[in-house]
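*Asks:* After the structure tokens below, expect a handful of questions from me.
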Amino acid sequence: MRGLASGVRPVRSAAAGVWRRMVQTRAAAGRAPAGGQPPAAPSPWPAPAAASIAFDDVHNFRDLAEAEPSILPGRVFRAAAPVSASERDVRALFTNLGLKELIDLRSTDELRSLPQEHFDVFDGVGFTRFVRDIATRRAVPDPLSTVVTDSDIMRVHIPPLEKRRLYRSLLMRMPLKTAAYVVATSLVNKEAGRAAAIEEVNAGGLEGLYEILLDSAKPEWVASLQRILLAAERGRPLCFYCKAGKDRTGILAMLLLSVLGATEDQIVADYARSDAWHHVALAGIENDSRVAALDRAKFERAPAAAMRHALRYVRDAAGGAERYLLDAGLSADEMARLRAALLRPGSGGGGRPAKL
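Mapping to full-length UniProt numbering: the sequence shown position 16 is 16, numbers consecutive.
Spelled out as structure tokens, the structure:
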């Protein structure tokens with residue numbers, strides 16, 4: 001489980017040292033109990049100041065309230081993985097903004113392939129990982145992965161895009177003859193089979209990737225939204241992130257903003273802000289030297305058209321975001337509670353999800 005539950009590892013960087021001292025001095029605020037559940041007692045919301053913070057090495061960071069004025073600021077943030085955060089960044093994230101919950105959307109392979117220094121910023125925090133329950137087909141906490149520390153901060157790993165699931169989804173979406181060719185070729189020549197699969201990835205582009213995320217990761221989206229709800233109701237500021245903070249993070253932001261009544265234009269505008277941060281993140285396959293044919297230019301952007309396609313796909317496939325989430329397992333009561341916890345009183349934006 002190297003790199004996943006890094007809270008039990010020795011401090012190896014200046015930022016991690018700052019983090020360790022912060023954990024020790026704030027332990028009295030409440031320990032995250034076993035099972036990955038945050039403390040029940042809410043803490044006062046810190047004064048939101050995300051827009052005024054100049055980070056040294058935290059990228060693509062913003063308050064979700066910047067997308068829709070009726071959303072309460074200081075509650076939910078989105079970002080690229082803050083793996084290179086400086087000492088000043090650590091203080092800004094966990095003291096100024098008061099983050100208590102971190103939802104890590106990166107794949108298991110991504111985490112396992114990273115060197116230890118990428119996890120030093122999380123040193124000393126609690127950890128749990130969500131896995132698919134075979135019986136219920138839901139994403140649930142894995143008790144064997146849970147690490148309890150003196151910190152009142154939890155990092156929760158909920159991976160919506162695992163490498164095997166990506167390849168399986170690709171095969172299911174291919175015409176039968178194409179899928180048969182890829183499988184047969186892989187049995188004889190793995191390199192040729194991999195090249196054929198990457199050709200399909202390139203052909204689908206971001207639009208195809210987002211369709212796969214929406215089709216194959218429903219349990220993870222529901223688990224993430226339920227975690228956001230739990231944190232919001234308990235007064236625990238939360239940040240969710242993936243590697244680049246645009247694809248997996250963008251889909252989760254789209255679903256949450258939809259529940260909170262944001263318009264399509266607001267959702268697209270929030271997503272398109274990530275276009276300035278050019279990074280490719282495909283569950284780790286982008287780092288595999290054997291897939292050099294990957295069209296990186298196609299996957300490093302965040303064009304408005306890609307999110308409009310995702311919104312249209314949800315509307316065409318399920319009748320809208322609310323129906324999509326209901327079918328996925330998020331209840332109407334949970335959606336109402338998200339609106340109650342995250343929208344300004346009397347804002348008028350919480351009556352129903354956006355019509356997408």
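All C-beta atoms, glycine included, are put in the ideal place defined by N, C-alpha and C.
1) Measuring alpha carbon to alpha carbon, tell me which of I53, F61, L72 ends up nearest G261.
2) With H, G and I counted as helix, E and B as strand and the rest as coil, what does DSSP make of T95?
3) Along the chain, which unbroken stretches of the alpha helix (DSSP H) at least 4 residues long are found entirely within the region 234-264?
4) Classify H248 as buried or exposed, calling it buried when 16 or more other Cβ atoms lie within 10 Å of its own Cβ.
5) Hey, would you say A203 sits closer than 8 Å to Y181, going by beta carbons?
6) Exposed or buried, M174, counting other C-beta atoms within 10 Å across all chains shown (16 or more means buried)?
7) Quick check: what's the CA-CA separation for R91 versus L97?
8) Starting from T146 and walking both ways along the beta strand (DSSP E), at which residues does that stretch end?
9) For C242 and L105, which I take to be in contact (beta-carbon distance under 8 Å), what is that distance rounded to the nearest angstrom?
10) On the DSSP bridge list, what partners appear for G126?
11) Taking the C-alpha atoms as reference points, what is the distance between A340 and K177?
12) Suppose you measure from the CA of T25 to the CA of R315; what does that come to, to the nearest Å?
13) Less than 8 Å between the beta carbons of G245 and W221, yes or no?
14) Closest to R75 by CA distance: which of A232, F119, R296, A317 is it?
15) Answer yes if the region 206-221 comes into contact with the region 160-171, meaning at least three C-beta pairs across the two stretches below 8 Å, and no otherwise.
16) Using DSSP with H/G/I as helix, E/B as strand and the rest coil, what is P33?
17) Given a threshold of 16 other Cβ atoms within 10 Å of its Cβ, counted over all protein chains shown, does T95 qualify as buried or as exposed?
18) Inspect the CB distances between the region 124-135 and the region 145-165 and report whether three or more fall short of 8 Å.
19) Name the two residues that bound the continuous beta strand (DSSP E) containing E322.
*Replies:* Quick answer:
1) Numbered from 1 along the sequence shown, position 261 holds the residue referred to as residue 261. Of I53, F61, L72, the residue nearest in Cα terms is L72.
2) Along the sequence shown, read from residue 1 onward, the residue named residue 95 stands at position 95. Looking at T95 - three-state DSSP - the assignment turns out to be helix.
3) Inside the region 234-264, DSSP marks whole alpha helix (DSSP H) runs of 4 or more residues at positions 248-259, from first to last along the chain.
4) Here residue 248 refers to the residue found at position 248 when the sequence shown is read from its first residue. A quick correction: the sequence has Arg, not His, at residue 248. So R248 counts as buried.
5) In the sequence shown, the residue the question calls residue 203 occupies position 203. In the sequence shown, the residue the question calls residue 181 occupies position 181. If you check the CB distance, A203 and Y181 do not come in under 8 Å.
6) Against the sequence shown, residue 174 aligns to sequence position 174. Under this definition M174 is a buried residue.
7) Here residue 91 refers to the residue found at position 91 when the sequence shown is read from its first residue. Here residue 97 refers to the residue found at position 97 when the sequence shown is read from its first residue. Answer to the nearest angstrom: the Cα atoms are 9 Å apart.
8) Here the question's residue 146 lines up with position 146 in the sequence shown. Where T146 is concerned, the enclosing beta strand (DSSP E) stretches over 139-147.
9) Residue mapping note: residue 242 aligns to position 242 of the sequence shown, counting from 1. Residue mapping note: residue 105 aligns to position 105 of the sequence shown, counting from 1. With a Cβ gap of about 4 Å, C242 and L105 count as contacting.
10) For the purposes of this step, residue 126 is identified with residue 126 of the sequence shown, where counting begins at 1. Paired residues: M154.
11) To locate residue 340, count along the sequence shown from 1; it is residue 340. To locate residue 177, count along the sequence shown from 1; it is residue 177. A340 and K177: Cα-Cα distance of roughly 49 Å.
12) Here residue 25 refers to the residue found at position 25 of the sequence shown. Here residue 315 refers to the residue found at position 315 of the sequence shown. In this prediction, T25 scores a pLDDT of 45, lower than 50, which makes its location untrustworthy; the coordinate-derived value is nonetheless stated afterwards. Each residue's alpha carbon lies about 48 Å from the other.
13) Reading the sequence shown from its first residue, position 245 is the one you call residue 245. Reading the sequence shown from its first residue, position 221 is the one you call residue 221. Against a cut-off of 8 Å, the Cβ pair of W221 and G245 comes out as no contact.
14) Within the sequence shown, the letter at position 75 stands for residue 75. Nearest of A232, F119, R296, A317 to R75, Cα basis: A232.
15) yes
16) In the sequence shown, residue 33 corresponds to position 33, counting from 1. Because the pLDDT of P33 is 43, which lies under 50, any placement of that residue in the model is unreliable, and the number read from its coordinates should be weighed accordingly. Three-state result, P33: coil.
17) For the purposes of this step, residue 95 is taken as the residue at position 95 of the sequence shown. Result: exposed.
18) yes
19) Looking up residue 322 in the sequence shown gives position 322. In the DSSP annotation of this structure, E322 is not part of any beta strand (DSSP E); the continuous alpha helix (DSSP H) holding it starts and ends at 321-328.
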